[in-house]
Amino acid sequence: MHQSRNPARGKQTTAWHMNSKSPNTISTPKISIPKGGGTVRGADENFHVDAFTGTAAVSIPIPLPQSRSLTPGLGISYSSGSGNGLLGIGCDLSEDAISIKTNRALPRYDGTDIFMLNGAELVLQNASENIYLERRQASFALIEKMGDKENTYWKITHNDNSVSIYGNTDETRIYNPADRTQVFKWLISGQSDPEGNKIKYSYKKFGSGANTYLCAVEYGNYILNKEELFAFRIWIDYGQIEFTAGEKTFTAAGVKNAPVSRRPDILSNYRAGFLVRTEYLVKNIFVVHNFVDDPSTGRDCIVHRVQFSYTDPAGANSLSALREVKEYGFAKTGTNTYKTRNLPALNLSFSGFSCEEKTVHFKQVADDSGNPVNQPLNLVDYLREGEPGILYRNAETLYFYHALGEGKYRKSKETIYRAQPLCRFPHAAQPGEPRRKWRNPGGMERGAKQRLLPVEWK
């Protein structure tokens with residue numbers, strides 16, 4: 006019999022251990038020899054290709070400290086089919102939002118627009134209470150549109166009874182500056198679960214534009230001296246955080262109201278029906294501990310940094326491209342001073358596009374006698390090679406020119422079809438006649454009869 010104390014409840018519990026060996030037997034732990042092949046790695050990237058669309062995708066998760074039962078997910082995603090984003094061409098920061106669908110038309114803002122939750126279409130289920138459901142049920146969440154026309158926001162109750170709030174403040178909405186009722190996107194502003202755990206998202210509008218930027222995420226809430234604090238913070242730096250970084254040192258200086266410099270390739274988007282400009286790039290992401298009663302860390306102690314470097318737009322076809330992702334670990338040495346060490350960097354390179362002048366010569370297609378063909382020409386991929394050839398008709402004969410590339414074509418050795426007496430096709434008034442059609446199973450071979458229906462077809 007073995008007695009133990011449960012640290013969670015502070016009660017003494019009793020457990021019986023049935024073992025074939027004597028309770029007085031002493032067993033020594035086995036020490037295993039470590040296996041080779043280990044190495045120091047940088048960002049834990051994941052590359053995959055979509056077999057349906059052929060687009061390449063890379064996801065880079067941001068390492069975050071685990072809280073109790075509610076921890077945010079933050080990462081960098083790249084897709085070769087995406088446009089310009091917060092981290093350059095094809096790269097963007099993961100986002101949780103409700104927006105208006107713009108695949109088929111621009112928003113009307115008259116109550117007929119279709120809403121999307123992270124790419125999933127929403128369907129109005131109860132108009133009187135503004136309750137929505139996912140068109141393809143996956144999470145079985147209760148989605149409610151709250152507020153009035155002047156101040157709308159969303160509340161989502163998930164199947165585990167946790168609640169997410171979207172767009173309950175001006176900073177968490179992307180709306181028309183000329184008409185505040187025309188809201189295009191509601192960004193997530195907070196999450197909570199039945200145990201009282203919370204996640205808080207903070208945004209900021211730099212300047213007078215319609216766009217808003219995620220600047221901070223706080224989670225791991227606790228109470229100290231009747232004040233609610235958050236143990237973990239994530240800072241997203243667009244250039245507003247001041248610091249001095251050496252090779253192995255780091256000194257924090259403060260935070261400005263707005264970034265000093267804008268990105269050289271400012272992105273303008275009118276999908277919302279009004280101008281939404283993305284003027285800044287994500288330069289750093291900081292992970293911060295906020296244990297006020299711990300003298301070794303204190304308030305706002307930086308423990309991790311992810312740095313993003315970009316290719317000069319002059320060498321990337323006038324677009325910013327993510328060039329390097331590097332992670333740093335921090336150890337506090339004094340007030341706002343740290344010593345740092347970095348992991349190996351993740352390097353990315355993009356193929357360029359060169360628009361060089363090229364002279365193209367056009368040659369008129371001629372027949373066997375060398376005379377120009379005046380009939381209409383059709384570009385047809387007859388051989389299913391991915392490159393179309395030339396198909397044309399001369400009198401009652403079809404000819405095909407095989408594509409050789411670089412604008413050159415070679416005439417086929419045989420004609421595709423030469424006029425012949427038409428066969429009779431079955432008709433309801435002619436029972437017993439088999440139905441036939443022409444087929445070409447061997448590419449350039451002549452047509453052959455193929456029976457489609459039995460002779461007994463009527």
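Residue numbering for the sequence shown follows my numbering, beginning at 6 and increasing consecutively.
All residues carry an ideal CB built from backbone N, CA and C; glycine is no exception.
query                                                                                                                                                                  : result
So the candidates are P381, F367, A277 and Q142; which of them puts its Cα closest to the Cα of Y414?                                                                  : F367
Just verifying my parser: in three-state terms, what is the DSSP assignment at T174?                                                                                   : coil
Can you tell me whether Q130 is buried or exposed? The criterion is at least 16 other CB atoms within 10 Å of its CB, across all chains shown.                         : exposed
Quick test of the definition: if touching needs 3 or more C-beta pairs under 8 Å, does the segment 171 to 178 touch the segment 223 to 230?                            : no
What's the call for K288, buried or exposed, on a 16-neighbour Cβ count within 10 Å?                                                                                   : buried
Touching or not, the segment 194 to 210 and the segment 155 to 175, by the rule of three or more beta carbon pairs under 8 Å?                                          : yes
Just the Cα atoms here: how many angstroms apart are T364 and G410?                                                                                                    : 15 Å
For P318, does the three-state DSSP call read helix, strand or coil?                                                                                                   : helix
What did DSSP end up calling P70 once you bin it into helix, strand or coil?                                                                                           : coil
Is the segment 232 to 252 close to the segment 294 to 305, with three or more CB pairs under 8 Å?                                                                      : yes
Is DSSP giving N131 helix, strand or coil here?                                                                                                                        : strand
Compute the Euclidean distance between the alpha carbons of K261 and Y285, then round it to the nearest angstrom.                                                      : 14 Å
Just tell me which of D153, K160 and L75 has its CA closest to the CA of L138.                                                                                         : K160
Can you check DSSP and say which residues form a bridge with R196?                                                                                                     : Note that residue 196 corresponds to Gln in the displayed sequence, not to Arg. Answer is S169 and I204.
Go ahead and pull the three-state DSSP assignment for P439.                                                                                                            : The pLDDT assigned to P439 is 47, lower than 50, so where the model puts this residue is not dependable; a value taken from the coordinates is nonetheless given after this. If DSSP states are grouped into helix, strand and coil, P439 belongs with coil.
Quick check for students: name the residue ranges of the beta strand (DSSP E) that lie wholly in the segment 338 to 363, counting only runs of 3 or more.              : 342 to 347
Report yes if the C-beta distance between P70 and V292 is below 8 Å; otherwise report no.                                                                              : yes
Considering H407, what are the terminal residues of the beta strand (DSSP E) in which it resides?                                                                      : T402 to G410
Are at least three pairs of beta-carbons, each pair with one atom in the segment 216 to 228 and one in the segment 200 to 207, less than 8 Å apart?                    : yes
Between which residues of its own chain and T342 is the CB-CB distance below 6 Å, once the five residues before and five after are set aside?                          : T256
R346 to V330, Cα distance in whole Å?                                                                                                                                  : 14 Å
Evaluate A400 with the Cβ neighbour count: other Cβ atoms within 10 Å of its Cβ, from every protein chain shown; 16 or more gives buried, anything less gives exposed. : exposed
Determine the closest residue to I65 out of F211, N166, F248 and S82, with distance taken between C-alpha atoms.                                                       : S82
Please say whether L348 and R328 have beta carbons closer to each other than 8 Å?                                                                                      : no
Hey, how far is the Cα of T117 from the Cα of Y404?                                                                                                                    : 53 Å
Is G303 helix, strand or coil when you go by DSSP?                                                                                                                     : strand
How many Å lie between I105 and N166 at the Cα?                                                                                                                        : 26 Å
In chain order, what residues of the same chain lie with their CB nearer than 6 Å to the CB of R267, ignoring the 5 residues before and after it?                      : E284
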